[in-house]
Amino acid sequence: MAKYPLEKLIGLRSHRVDEAQRERMLAQKKVEQTQTAIKKKIQEIEDYKIWKEEETLRRYDKVMFKKLTSESFEKFKQDLANLNIGELKLQDELRILKNDAESLKQELKTKKDEEKKASVELNKIEEHKKIWLEMQRIEEERQEESELEDFHTRKIDF
3 MAKYPLEKLI GLRSHRVDEA QRERMLAQKK VEQTQTAIKK KIQEIEDYKI WKEEETLRRY
63 DKVMFKKLTS ESFEKFKQDL ANLNIGELKL QDELRILKND AESLKQELKT KKDEEKKASV
123 ELNKIEEHKK IWLEMQRIEE ERQEESELED FHTRKIDF
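For the sequence shown, the tail end lands on 160 under my numbering, and the numbers increase by one without skipping.
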């Protein structure tokens, strides 16, 4: 039987499917890592809020009923504002992580589509190979029958 002429194409498409699967799994892993980072960042913000509240109370208790110069009072207010700025920075980091997660989800969707397309292309060529092999088998049977028809035994006349 003849060798399938597009066998190398099957190998190429199979390689493309494998590559698409690897890329999809890598994208999936990135999405999962980003989701984990978001959860950690949310917990970090919650912990920071609790700490900030306690720290604010400690600082107020420290300066309560003390005479402060305007300079030290301004520094006190600035320190309290810095605590709020720290929380805002954490929230900004969370927003960036969420934006990254959205773009990674889009990338994952693209990778899934590419994997599906590669699989469809491989399935098409494998289906073509099945049809081609069946046609080859039929052609070989036809040739064998033709050879048998050409071979006739001589009839012996008595």
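Beta carbons: idealized from backbone N, C-alpha and C, even for Gly.
Burial is judged here by how many other beta carbons sit within 10 angstroms of a residue's own beta carbon; K113 has at least 16 and is buried.
By the beta-carbon neighbour count (other beta carbons within 10 angstroms, threshold 16), L90 is exposed.
Exclusion of the five residues before and after Y50 leaves G88, E89 and L92 as the residues of its chain whose Cβ lies within less than 7 Å of its Cβ. DSSP places I40 in the uninterrupted alpha helix (DSSP H) bounded by E9 to V65. Counting only the Cα atoms, E48 lies some 26 Å from K77. Assignment of A103 by DSSP, reduced to helix, strand and coil, places it in the helix class.
Burial state of E34 is exposed, judged by a 10 Å Cβ sphere holding fewer than 16 other Cβ atoms.
In this structure, R18 and A120 form a Cβ contact; the two beta carbons are roughly 5 Å apart against a cut-off of 8 Å.
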